[in-house]
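Numbering (the UniProt record's numbering), first residue to last: 1 to 372. Where is the CB? At the ideal position from N, CA and C, for every residue including glycine. Values in this document were obtained by computation on a predicted structure and should not be read as measured data. Working notes for the structure below.
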């Protein structure tokens, strides 16, 4: 009996010893795990601080937003540019489809920001966007200044030609004024006065074109129906079309675009007038509208004499013209207007067919005014 009690005691001791050893092992494992967690936490904090330091040291604005446009991460530059503040800020300033953005601040300062976007993914699933904001204000100012200098240089080279264009009409005005001064019949005086009005209008158009060529082009974009704009331009040219019995055909459906309607109408009307001047009586003009993936296309084709191959590369140069009357500023202004919309214009020509193609991007700056 005594032996049995001894055995039970020994068993209890062994069990207790095993329990103590297991507890000590568990404590050691826990302490090791705790140390590893602390080490990983410190490493994570170090990496996080390093990443933050890297992001903050970038001169561009950097931010990440989720699908609801809530800011997940933003460096100081991004917060400064966009006026982001608060602990859970929302990013509502940046439009979805825009490459450049003009921002106006309360102190009167204006900045031009170029936007770069990339999808933000987690485990292969897109959860938001990473956005880089680059301040290109100075770059834009230099571009504008260089563009202005180039235009002024071109005007300087062609000053003699322009003076000639003005001198002839002024001579006509002087002649008709002299005739009126000497007197004549009522019909003669009305005829001479009408001639003075026509010549004055010609000079005014020349001066207006020169001013438009030298000054910055400001665009005020709004959503427009391109088909309606084209129809308005055809109506405006109706008298000239009727005079030469020219037929105009239009293809394409309703196409919407963010453009400055008055400037785009000026472009289309200019190209229609050029087509009218190029074709013979009973000629044909075809206007086509096409809604493409990333851009809108307006093409204007005529069956006129065509443009000589050697002139195609110079067709948009200021003051270049093959017409007896004209300054060569019309197509140069057309080119500038399309560039101000971040679009492009091309020309294709063979004898008996000339096509001007206008490409307008769908991601045009719809909330800004372009100053190029």
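The beta carbon of residue 127 is closer than 8 Å to those of 66, 67, 120 and 121 in its chain, skipping five residues each way along the sequence. Distance from the Cα of residue 242 is smallest, within the candidate group 271, 252, 283 and 231, for 283. Taken in chain order, the unbroken stretches of alpha helix (DSSP H) that lie wholly in the region 102 to 172 and span 4 residues or more are 137 to 157. In the assembly as shown, residue 341 is a buried residue. Its beta-carbon has 16 or more other beta-carbons within 10 Å.
Taking all protein chains shown into account, residue 293 has fewer than 16 neighbouring C-beta atoms within 10 Å of its C-beta and is therefore exposed.
Under the Cβ criterion (8 Å, minimum of three pairs), the region 191 to 198 does not count as touching the region 298 to 318. Listed in chain order, the alpha helix (DSSP H) runs fully inside the region 204 to 285 are 226 to 236, 238 to 243 and 261 to 278, counting runs of at least 4 residues.
Cβ atoms of residue 289 and residue 227 come within 8 Å of each other, at about 6 Å.
Short of 8 Å from the beta carbon of residue 80, and not among the five residues preceding or following it, lie these beta carbons of its own chain, in chain order: 61.
Within the same chain, Cβ atoms closer than 7 Å to the Cβ of residue 278 are found at 302, 304, 305 and 354, the five residues on either side in sequence being excluded. For residue 83, no beta strand (DSSP E) encloses it, and the DSSP letter there is neither H nor E.
In this structure the region 249 to 262 lies against the region 220 to 239, because at least three pairs of beta carbons, one per stretch, are closer than 8 Å.
In this structure, residue 232 sits near residue 265, with a CB-CB distance shorter than 9 Å. In the DSSP assignment, residue 353 falls within the beta strand (DSSP E) that extends over 353 to 361.
Its chain contains 61, 62, 63, 84 and 133 as the residues whose beta carbon lies nearer than 7 Å to that of residue 78, once the 5 sequence neighbours on both sides are disregarded; these appear in chain order.
Looking only at 222, 273 and 213, the smallest Cα-Cα distance to residue 235 is reached by 273.
Residue 359 counts as buried, since at least 16 other C-beta atoms from the protein chains shown sit within 10 angstroms of its C-beta. The C-beta distance from residue 334 to residue 267 rounds to 5 Å, short enough to fall under 8 Å. By DSSP's assignment, residue 288 forms a beta bridge with 251 and 299. When the five nearest sequence neighbours on each side are left out, the beta carbons in the same chain lying within less than 6 Å of the beta carbon of residue 281 are those of 244 and 245, in order along the chain.
Between the C-alpha atoms of residue 299 and residue 356 there is a straight-line separation of about 6 Å. For residue 315, the secondary structure class from DSSP, reduced to helix, strand or coil, is coil.
Residue 178 counts as exposed, since fewer than 16 other C-beta atoms from the protein chains shown sit within 10 angstroms of its C-beta. With contacts defined by Cβ atoms closer than 9 Å, residue 347 and residue 307 form a contacting pair.
Contact between residue 237 and residue 276 holds, with the beta-carbon distance rounding to 7 Å and staying under 8 Å. In this structure, the straight-line span from the alpha carbon of residue 124 to that of residue 56 is close to 27 Å. The C-beta distance from residue 263 to residue 337 rounds to 5 Å, short enough to fall under 8 Å. In the three-state DSSP reduction, residue 61 falls in the strand class (E or B).
In chain order, 63 and 117 place their CB closer than 6 Å to the CB of residue 131, counting only its own chain and leaving out the 5 sequence neighbours on each side. Taking the CA atoms as reference points, residue 12 sits about 20 Å from residue 25. Taken through DSSP and simplified to helix, strand or coil, residue 40 comes out as helix.
Comparing alpha carbon positions, the residue from 271, 221, 165 and 240 closest to residue 257 is 221. C-alpha of residue 322 to C-alpha of residue 201: approximately 22 Å in a straight line. Cα atoms of residue 139 and residue 350: separation of roughly 40 Å, rounded to the nearest angstrom. When the Cα atoms are used, residue 173 and residue 203 turn out to be separated by approximately 11 Å.
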